[in-house]
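Note that this note's numbering numbers the sequence shown so that position 132 is 168, with each residue one more than the last.
The beta carbon of each residue, even a glycine, is placed where N, CA and C say it ideally should be.
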Amino acid sequence: MDLSLSDSEIDFRTEVRELITAAFPPPERYDGGADHERRWHGALIDKGWAANKWPEAFGGPGWTATQNFIWEREVSAAGLPAQVGGMGIGMLAPILFAYGSPWQQDRFLPDILHDRVRWCQGYSEPGAGSDLAALRTRAVLDGDDYVVDGEKVWTSGAHRADWMFCLTRTSDEPKKQAGITFLLLDMHAPGVTVRPIISIDGRHMFNSVTFEGVRVPVAHRVGREGEGWTVAKGLLSHERTGQAFVSLSTDLVRRIGEVAAGLPGSEGDTLLKDGGFARRLSMAEIELQALAVTELRTLSEVAAGGAPGAQSSLLKLVGTDIVQRMTEFFVECAGPYAAPWFPETEGPPFPVVGPPWARPEVVRYLEGRAASIAGGSDEVQRNIIAKHVLKL
Ligand SMILES: Cc1cc2nc3c(=O)[nH]c(=O)nc-3n(C[C@H](O)[C@H](O)[C@H](O)COP(=O)(O)OP(=O)(O)OC[C@H]3O[C@@H](n4cnc5c(N)ncnc54)[C@H](O)[C@@H]3O)c2cc1C
Numbered sequence: 037m038d039l040s041l042s043d044s045e046i047d048f049r050t051e052v053r054e055l056i057t058a059a060f061p062p063p064e065r066y067d068g069g070a071d072h073e074r075r076w077h078g079a080l081i082d083k084g085w086a087a088n089k090w091p092e093a094f095g096g097p098g099w100t101a102t103q104n105f106i107w108e109r110e111v112s113a114a115g116l117p118a119q120v121g122g123m124g125i126g127m128l129a130p131i132l133f134a135y136g137s138p139w140q141q142d143r144f145l146p147d148i149l150h151d152r153v154r155w156c157q158g159y160s161e162p163g164a165g166s167d168l169a170a171l172r173t174r175a176v177l178d179g180d181d182y183v184v185d186g187e188k189v190w191t192s193g194a195h196r197a198d199w200m201f202c203l204t205r206t207s208d209e210p211k212k213q214a215g216i217t218f219l220l221l222d223m224h225a226p227g228v229t230v231r232p233i234i235s236i237d238g239r240h241m242f243n244s245v246t247f248e249g250v251r252v253p254v255a256h257r258v259g260r261e262g263e264g265w266t267v268a269k270g271l272l273s274h275e276r277t278g279q280a281f282v283s284l285s286t287d288l289v290r291r292i293g294e295v296a297a298g299l300p301g302s303e304g305d306t307l308l309k310d311g312g313f314a315r316r317l318s319m320a321e322i323e324l325q326a327l328a329v330t331e332l333r334t335l336s337e338v339a340a341g342g343a344p345g346a347q348s349s350l351l352k353l354v355g356t357d358i359v360q361r362m363t364e365f366f367v368e369c370a371g372p373y374a375a376p377w378f379p380e381t382e383g384p385p386f387p388v389v390g391p392p393w394a395r396p397e398v399v400r401y402l403e404g405r406a407a408s409i410a411g412g413s414d415e416v417q418r419n420i421i422a423k424h425v426l427k428l
C-alpha cells in the first residue's frame, strides 16, 4: 500500500492550509466559542466543505478517503473541528443517503448541512443499552401517523435538539431484532418531555426523554416497517468508524511532547527524556500509527462502496483505548494539580491552581472515560469482533 501523497494530494493539502489560515490568520487560534464556530462554519459553507464525508450528489465535496484523511489531520493540527454540527451530519446523513426516501433527503439534508437544526439519537432505554434489541418504546400505526409511547435514556443533547432519530417497536416478533422501526421524531411535538440527567462532573449533557401519545407521520419512517435494526446497524458502524479518534490522539501526542519537554523528569533531564515515560509514549504512538493506517484502509473500502462492518468496532475499541491512554499522560504531567477538580471551582472566585493546560486536560481525561461506554461498550465491541471476524 503506497502511503505517500501524490502531487494533487499535496496541492489539496496546501488548499486546506490556505483555508485554515484565511479563517484564522496566525497567531489567532480557534477557541471553541460560538463566534469562532460560526466563523469556521461560514468558511466551510462558502468553500462547499461543510460536510467533508458527504457525496457530491447531496452537497458534499465528494472527497476520496485520502483527501478526508488529509483534511482531518490538518484541521485537527490547527485545533479546529473537522465538521460543525451535531449528530445529523455524521450519523444520520449517511443513513438518509442509503435508506431515506427522496422526500426525506430533500426535507432533512439541507437543514443538516447548514446546521439549522439539531438532532439527537434515541436508541438507549432503561433496560436496553448493550442489549439494544430489547427496546420497548412502542409505535402503533393510526391512520397516517405512528403513535409513540415509551422512554429513552442517556440521550445526549436532547434538551437542545429539534429532532430525534429513534428506534421504536412496531411488533413483537420472536426474534427481538425484528419488529423494530426507525423514525424521525419532532422533539417539539406534543407529548415529548425532556428531563435533564446531571452527570458526576455537574454538567448537563444527558437526558431522559418520555413520549406520551407522540404522533409521527408515516412519511418520517426511514426504511420499511420492521427494518429499523438493519438501518440502525448501518448507522452504528458509521458512528464507530468516526470514533477512532486518530486526529485527536495525534494532536494529543504533539501537545504531550510540548508539555513534558518543559517538566523535570526523574533522571535529571526533562520528563520527555525520562526512559519510562518516553518508552510508554512511543509505544502509544506506534499503536496510533497502526490505527491510522487501519482507519485509512477502512475509509478507502467505504469509499469504494463497502460497509465498515466489524472493522468499525475494531477502530472504536483500539481508538478509545489509545485516546484514554493519551489523556492519562497529561494527568501524569499535571501531578498533584490533577487531583482536585470540581465544577464548582471553575472560575472566579477560585484561582486557577497549577499550569493553565492542566485543568482542561484533566477534564478531558475524566470525560474520556465515557468513550468506552458510549456508542457500545468495549465488551460489546469485542463480542462483535469475536462473532464476525474471529467467527467464534
Ligand atoms: C457519553 C455517553 C453518551 C451517550 N449518548 C447516547 C445517546 O445520545 N443516545 C443513546 O441512545 N444512548 C447514548 N448513550 C448510552 C449508551 O449507548 C449506553 O450507555 C451503552 O450502550 C451501554 O448501555 P448501558 O448503559 O445500559 O449499560 P449495560 O448494557 O447495562 O452494560 C453494563 C455493563 O455490562 C457489560 N455488558 C453488557 N452486555 C454484555 C455482554 N453481552 N457481554 C459482555 N459484557 C456485557 C457492558 O459492557 C457494561 O460494562 C451514551 C452513553 C455515554 C456514556
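message: Suppose contacts are defined by Cβ-Cβ distances below 8 Å. Is serine 244 in contact with isoleucine 234 by that definition?
response: no
- prompt: Can you tell me the Cα-Cα spacing of valine 388 and alanine 394, whole angstroms?
  reply: 10 Å
- prompt: How long is the line joining the alpha carbons of valine 338 and glycine 371, rounded to whole angstroms?
  reply: 42 Å
- prompt: Is the region 162 to 169 close to the region 278 to 296, with three or more CB pairs under 8 Å?
  reply: no
Backbone secondary structure at glycine 311 - three-state DSSP: helix
- prompt: Does ligand 1 have a heavy atom nearer than 7 Å to the CB of tyrosine 159?
  reply: yes
message: Buried or exposed for serine 44, going by 16 or more other Cβ atoms inside 10 Å?
response: exposed
- prompt: What's the gap between the Cα of alanine 129 and the Cα of glycine 264?
  reply: 15 Å
Helix, strand or coil at methionine 37 according to DSSP, with G and I counted as helix: Confidence is the limiting factor: at methionine 37 the pLDDT is only 46, short of 50, which leaves the residue's position unreliable and the question unanswerable from this model.
Close-in-space but distant-in-sequence residues of the same chain around tryptophan 90 (CB under 6 Å, 5 per side omitted): Gly96
query: When DSSP labels each residue in this structure, what does tyrosine 135 get in the three-state scheme?
result: helix
message: Any heavy atom of ligand 1 closer than 7 Å to the beta-carbon of glutamate 337?
response: no
- request: Reducing DSSP to helix, strand and coil, say where isoleucine 421 ends up.
  value: helix
- request: Decide if the region 202 to 215 is in contact with the region 300 to 314; the criterion is three or more beta carbon pairs, one per stretch, under 8 Å apart.
  value: no
- prompt: Beta-carbon separation of valine 252 and tyrosine 182 under 8 Å?
  reply: yes
Near ligand 1: alanine 410 beta-carbon under 7 Å from a heavy atom: yes
task: Starting from glycine 360, trace the alpha helix (DSSP H) both ways and give me its first and last residue.
output: Residue identity check: residue 360 is glutamine in the sequence provided, not glycine. 346 to 370 is the extent of the alpha helix (DSSP H) around glutamine 360.
query: How big is the Cα-Cα spacing for methionine 37 and asparagine 104?
result: In this prediction, methionine 37 has a pLDDT of 46, which is less than 50 and means its spatial position is unreliable; what the coordinates show is noted afterwards. Spanning the two alpha carbons is a distance of roughly 17 Å.
- request: Go through its chain and collect everything with a Cβ distance to glutamate 302's Cβ below 7 Å, but skip five positions before and after it.
  value: Inspection of the sequence shows that residue 302 is occupied by serine rather than by glutamate. For serine 302, where only same-chain residues beyond five positions count, the Cβ hits under 7 Å are Asp310.
- prompt: DSSP three-state call for methionine 241: helix, strand or coil?
  reply: strand
- prompt: Are three or more beta carbon pairs between the region 321 to 337 and the region 279 to 287 nearer than 8 Å?
  reply: yes
message: Helix, strand or coil, according to DSSP, for valine 399 in the structure here?
response: helix
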